[in-house]
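If you read the sequence shown in this note's numbering, its first letter stands for residue 967, the second for the next number, and so on. Cβ atoms here follow ideal geometry from the backbone N, Cα and C, with glycine treated the same way. One structure is given here, and the rest of the page talks about it.
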Amino acid sequence: MIHFASPLAQYHTHRDSIQSAIARVLESGTYILGAEVDAFERAFADFCGVTHAVGVGNGTDALILALRALDVGPGDEVVTVSHTAVATVAAVLATGATPVLVDVEPQFYTLDPTLIEEALTLRTKAILAVHLYGQAADMAPIMRVATARGLRVIEDCAQAAGSRYGGQRVGSIGDIGCFSFYPTKNLAAMGDGGMIVTSHADLAARVGRLRQYGWDNSRKTHEIGLNSRLDPLQAAILNAKLPRLETDNARRAAIAGHYQRSLAKLPLTLPGVRPHTGHAYHLYVVTCDDRDGLMSHLARHKIGSGIHYPLPVHRQKGYAERVRMPAGGLPVTDALVARILSLPLYPELSDADVDRIVGAVGGFFKDHRTAFRL
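Here it is in structure tokens:
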């Protein structure tokens, strides 16, 4: 069986460094924050090209705390997308603000900057740009709108660790960037974990307080916060893996390149890569008219696949009633969800695995052509 993703394979790749990191934490006697978290925060800030990083419990908490640090709350509106993990919109709602959803670009599936202006009102406080599948959102025009209108910009980098936009790492372009280290991410923990990065010292200090009840260093509260701290075990594991992230992402890109070459003549739409960006290839997402048929065919050949995401947020019960959208809806997003399929993509896939996946995808369309001729 070729799994769609394999955190276990990643553990086997990094087993020795992970086991050493775990042993070091256990022997340290410090099991909440401490030196391991400090060390990973410094290393990850350096990697992202920012001056500050604050470890938190998970990627959703990262978004919530970032929004709160930017004073987003009840009565405010945040412009973002519906074609994303539910967590993006859930975080906005958790602050009491209203998510205002705009459509995505048909080629890159990220927030369409040309649609932002018409979504703005006097209540708009921020833009939450999602770097999806490892592809950076088009940050230059997003930042131009934000600067002109006095808006704050949060980058949702959960799927884009290591991705670049122009010469910058994602997370370093807006006011604040948010990362998830969920076990299937490019930089993955063995459990939950998240990080907020910024070059604004005041925002970093506020996030540092908000992640622990609102405490300062003397444990005096300045405002109400959460309990959302990156675990030192996870920090040590992540710091052990970080030096290999570029190598792992290069392997992801090589696999994606194999897919691009081998599937180019099939009736699929392959992922577009925005010019002047570095795609992190968290996912390799194709579109297909008979997506469900292809998915079932791959399953019969013992190849896993996924759908990211089968229902956009504005079609999800509990969320649909609490978001605002354009009068014309989100036609690009709605058209995408019935056609997208994520093929296996992780560094531990062998060349033979990739050939087998390509062969199975090609076989599906060959069978279809034969059936049509009959």
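query: Would you call Leu1340 buried or exposed, if buried means 16 or more other Cβ atoms sit within 10 Å of its Cβ?
result: Counting from 1 along the sequence shown, the entry for residue 1340 is found at position 374. For Leu1340, the predicted structure reports a pLDDT of 35, less than 50, and the residue's modelled location is therefore unreliable. The matter cannot be settled from this model.
query: What first and last residue would you give for the alpha helix (DSSP H) that runs through Glu1083?
result: Counted from its first residue, the sequence shown places residue 1083 at position 117. Run containing Glu1083: 1082-1085, per the alpha helix (DSSP H) assignment.
- prompt: Is the Cβ-Cβ distance between Gly1100 and Glu1121 less than 7 Å?
  reply: Taking the sequence shown and counting its residues from 1, one reaches residue 1100 at position 134. Taking the sequence shown and counting its residues from 1, one reaches residue 1121 at position 155. Not in contact: Gly1100 and Glu1121 (Cβ atoms no closer than 7 Å).
query: What is the DSSP secondary structure of Asp982, counted as helix, strand or coil?
result: Residue mapping note: residue 982 aligns to position 16 of the sequence shown, counting from 1. Reduced to three states, the DSSP call for Asp982 is helix.
query: Can you tell me the Cα-Cα spacing of Ala1301 and Ala1124, whole angstroms?
result: Residue 1301 sits at position 335 when you count from the first residue of the sequence shown. Residue 1124 sits at position 158 when you count from the first residue of the sequence shown. One C-alpha to the other measures close to 24 Å.
query: Three-state secondary structure (DSSP) at Lys1332?
result: Mapped onto the sequence shown, residue 1332 falls at position 366. Of the three classes helix, strand and coil, the one that applies to Lys1332 here is helix, per DSSP.
- prompt: In three-state terms, what does DSSP make of Leu1277?
  reply: The count along the sequence shown starts at 1 and reaches residue 1277 at position 311. DSSP places Leu1277 in the coil class of the three-state scheme, outside both helix and strand.
- request: Output yes or no for whether 7 Å exceeds the beta carbon distance between Ala1085 and Val1068.
  value: Indexing the sequence shown from 1 puts residue 1085 at position 119. Indexing the sequence shown from 1 puts residue 1068 at position 102. The answer is yes: Cβ separation under 7 Å.
query: What is the C-beta distance between Ile1142 and Ala1286, in whole angstroms, given that I count them as a contact (C-beta under 8 Å)?
result: If you number the sequence shown from 1, residue 1142 lands on position 176. If you number the sequence shown from 1, residue 1286 lands on position 320. Not quite, the Cβ-Cβ distance comes to about 28 Å (not below 8 Å), so this is no contact.
query: Would you call the CB atoms of Val1022 and Ser1194 closer than 7 Å?
result: As a first step, residue 1022 is located in the sequence shown; it is residue number 56 there, counting from the start. As a first step, residue 1194 is located in the sequence shown; it is residue number 228 there, counting from the start. With respect to Ser1194, Val1022 sits close: the two C-beta atoms are nearer than 7 Å.
message: DSSP has Gln1200 in a bridge; who is on the other side?
response: As a first step, residue 1200 is located in the sequence shown; it is residue number 234 there, counting from the start. Gln1200 pairs with nothing; no bridge assigned.
- request: Kindly identify the DSSP beta-bridge partner or partners of Asn1193.
  value: In the sequence shown, counting from the first residue as 1, residue 1193 sits at position 227. In DSSP, Asn1193 forms a bridge with Gln1178.
task: Indicate whether the contact test is met: 3 or more Cβ pairs, each with one atom in the stretch 1167-1187 and one in the stretch 1244-1259, closer than 8 Å.
output: Judged by Cβ distances under 8 Å, the stretch 1167-1187 makes no contact with the stretch 1244-1259, as fewer than three pairs qualify.
- request: Whole angstroms is fine: what's the gap from Arg1217's alpha carbon to Thr1090's?
  value: As a first step, residue 1217 is located in the sequence shown; it is residue number 251 there, counting from the start. As a first step, residue 1090 is located in the sequence shown; it is residue number 124 there, counting from the start. Their Cα atoms are separated by approximately 40 Å.
field: Inter-residue spacing [alpha-carbon to alpha-carbon] between Gly1041 and Ala1063
entry: Here the question's residue 1041 lines up with position 75 in the sequence shown. Here the question's residue 1063 lines up with position 97 in the sequence shown. In a straight line, the C-alpha of Gly1041 is about 6 Å away from that of Ala1063.
query: Where Val1096 and Asn1205 are concerned, what is the direct C-alpha to C-alpha distance, given to the nearest angstrom?
result: For the purposes of this step, residue 1096 is taken as residue 130 along the sequence shown, with counting starting at 1. For the purposes of this step, residue 1205 is taken as residue 239 along the sequence shown, with counting starting at 1. Roughly 24 Å separates the two Cα atoms.
query: What three-state label does DSSP hand Asp1027 in the structure shown?
result: For the purposes of this step, residue 1027 is identified with residue 61 of the sequence shown, where counting begins at 1. Three-state DSSP puts Asp1027 in a helix.
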